[in-house]
Amino acid sequence: MNQIFKTKKTLTFREADPAKIMFFGNIFGFAHDAFEQFILEAGYTWKEYFQDPEYAIPLRHTESNYLAPFFPGETYDIAVTVASFGETSFKMKYVFSQKDKVHAVVTMVHSVLDLKTKQKTALPDKMKTRFGKYLETPSEVKA
Numbered sequence: 372m373n374q375i376f377k378t379k380k381t382l383t384f385r386e387a388d389p390a391k392i393m394f395f396g397n398i399f400g401f402a403h404d405a406f407e408q409f410i411l412e413a414g415y416t417w418k419e420y421f422q423d424p425e426y427a428i429p430l431r432h433t434e435s436n437y438l439a440p441f442f443p444g445e446t447y448d449i450a451v452t453v454a455s456f457g458e459t460s461f462k463m464k465y466v467f468s469q470k471d472k473v474h475a476v477v478t479m480v481h482s483v484l485d486l487k488t489k490q491k492t493a494l495p496d497k498m499k500t501r502f503g504k505y506l507e508t509p510s511e512v513k514a
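The sequence shown begins at 372 in this note's numbering and counts up by one.
What follows is the structure, given as structure tokens:
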């Protein structure tokens with residue numbers, strides 16, 4: 372394993388449903404919030420990543436596996452890694468845990484889109500370099 376970016380999330384009251392557990396759809400927002408922190412750690416500025424004049428990097432697939440409930444007022448650790456690189460996309464992985472117990476695993480696949488042609492295009496070398504230090508080794512990719 373290369374590096375792992377780590378952050379935390381404390382679940383707020385408004386992020387829970389009437390059963391007093393996290394509303395399931397919120398996990399994707401939490402993962403994307405962690406991604407926004409990750410890109411800064413990887414060496415991008417927010418503007419450089421999200422307002423690049425040549426590329427857009429939309430999500431094309433998201434997935435989550437819930438393994439334990441999330442409760443308001445509790446803090447969860449988030450481990451962020453790059454699960455894999457493709458020719459025109461990359462897959463991010465977010466492991467949400469608390470006290471060594473995994474509560475959820477989220478994956479998000481981002482594609483690189485050429486803004487002029489509106490077609491997918493190769494991952495920029497700069498991105499592979501900056502994100503590459505967080506790349507999991509193939510035997511570690513489980514989610």
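Cβ coordinates follow ideal geometry from the N, Cα and C atoms, glycine included.
- When Cβ pairs closer than 8 Å are counted between the two stretches, the segment 478-497 is seen not to touch the segment 438-448, the count staying below three.
- With a 10 Å radius around the Cβ and a threshold of 16 neighbouring Cβ atoms, Thr452 comes out buried.
- Contact between the segment 419-430 and the segment 376-392 is absent: fewer than 3 CB-CB pairs across the two stretches fall below 8 Å.
- The Cβ atoms of Ala475 and Asn436 sit closer than 8 Å to each other.
- For the segment 394-470, the full-length beta strand (DSSP E) segments reaching 3 residues or more read 430-437, 446-456, 460-469 along the chain.
- Counting only residues of its own chain and dropping the five nearest sequence neighbours on each side, Ala413 has a CB closer than 6 Å to the CB of Arg501, Phe502.
- Between the C-alpha atoms of Thr381 and Lys418 there is a straight-line separation of about 26 Å.
- The continuous stretches of alpha helix (DSSP H) do not include Phe376, which lies in the beta strand (DSSP E) extending over residues 376-381.
- Apart from the 5 residues on each side of it in sequence, Lys497 has no Cβ closer than 6 Å to any other Cβ in its chain.
- Closest in alpha carbon position to Lys464, among Leu484, Ala493, Lys491, Thr508, is Thr508.
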